[in-house]
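Q:
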Ligand SMILES: [Zn+2]
């Protein structure tokens, strides 16, 4: 049940700065200078090779003394302590990478009581604010769009529930969610193709902002509902572990739309968008064409666990209804693809 404690305060939070652009890493020094000159740089070895080296070079040219803290890949209390130990003489923390790196960098900064700059190298997760600055090699990825398209679909069902700050959503959070969706539907396909061609276009820039800033603010100050709960439920199926966050969220988004009785014409707007950017909404697309009812019931059970974001919605929710919505998403999706004539 949403808002059992009947909290009436509205709450919105955001980073103090957001910077986006093709040269953001190269120009990072001018934005980071205000935080200090001795950053602790948290990134994993892969991101270090792709973007970390260039960032360090750019910063050292401007007189920064960078301490490198190689993130081992999994966020844990022990890992946070280990990295924080390396940052005892640092004056701020930089998190360069994806969702887990961001979460870890924020935790390290909090432990050291320092400011944190988040530099997402992929907009495939909508990890919460603050983030600054941003520059990304593959930021208009389809996974990033899968997560971002869920933002409005989920937040609009959470108007009476508490957001991640513990208050009710504001009108501005609603507006951000709407804008995020508007941009994805209008420019997602174009940005997806630009990304594949490795070029920056206005559509690409708009989608990076939707995937990163709007999706992040929109979900954090808006709220999550069934799409992310179903994503979490998918952890019950080992065959899905290789999929990206946004891919599972995309399927969950379709299941949620069906769960709350979305009219076909509206549902098909989302299906057409997802199909155009290669996001999955059938079991075959997820790589589990043989999934059993028993496995899907486990997904539904996990999706409806106490405390799951599915309970933010006012719509009726039971495990049986969620199971039905997941099966129906696949069925509706298969029919939609067949009608589209697209060969997968
Ligand atoms: Zn997400």
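In my numbering, the protein residues as written are 15 to 358.
Think of the CB as a built atom: it goes at the ideal place given N, C-alpha and C, for glycine as much as any other residue.
Just the Cα atoms here: how many angstroms apart are residue 300 and residue 257?
A: 8 Å
Q: Does the distance between the C-beta of residue 117 and the nearest non-hydrogen atom of ligand 1 fall short of 7 Å?
A: no
Q: Would you decide whether residue 93 is buried or exposed? Buried here means 16 or more other CB atoms lie within 10 Å of its CB.
A: Residue 93 comes out buried.
Q: Can you check which of these residues, 40, 87 and 234, is closest to residue 29 by C-alpha distance?
A: 234
Q: Less than 7 Å between C-beta atoms, sequence neighbours within five positions excluded: which residues of the same chain meet that for residue 337?
A: 310, 311 and 314
Q: Which residues in the same chain have their Cβ closer than 7 Å to the Cβ of residue 139, if we skip the five residues on either side of it in sequence?
A: With a pLDDT of only 38 at residue 139, under the threshold of 50, the placement of this residue in the model should not be trusted; the figure read from the coordinates follows. For residue 139, where only same-chain residues beyond five positions count, the Cβ hits under 7 Å are 112, 113, 161 and 259.
Q: Check whether the Cβ of residue 259 sits closer than 7 Å to any heavy atom of ligand 1, and report yes or no.
A: At least one heavy atom of ligand 1 is found less than 7 Å from the C-beta of residue 259.
Q: Is there at least one non-hydrogen atom of ligand 1 closer than 7 Å to the beta-carbon of residue 3?
A: This structure gives no information on residue 3, because the portion of the chain shown stretches from 15 to 358.
Q: Quick check: the stretch 173-184 against the stretch 200-213, are there 3 or more CB pairs under 8 Å?
A: Flag = no, the stretch 173-184 and the stretch 200-213 do not touch.
Q: Given a cut-off of 8 Å, decide if residue 270 and residue 239 are closer than it, judged by their beta-carbon atoms.
A: Yes, Cβ-Cβ distance for residue 239 and residue 270 is below 8 Å.
Q: Just to confirm my understanding: we take residue 58, look at its own chain, exclude 5 residues before and 5 after, and list those with CB closer than 8 Å. What are they?
A: 84, 85, 86, 87, 111 and 115, listed in sequence order.
Q: Is the beta carbon of residue 339 less than 8 Å from the beta carbon of residue 273?
A: Taking the C-beta atoms as reference points, residue 273 is found nearer than 8 Å to residue 339.
Q: Does the beta-carbon of residue 167, which I'm using as the reference point, lie nearer than 7 Å to any heavy atom of ligand 1?
A: no
Q: Please determine whether the Cβ atom of residue 256 lies at a distance below 7 Å from any heavy atom of ligand 1.
A: no
Q: What residue does the beta strand (DSSP E) around residue 84 start on, and which one ends it?
A: Residue 84 -> beta strand (DSSP E) spans 81-84.
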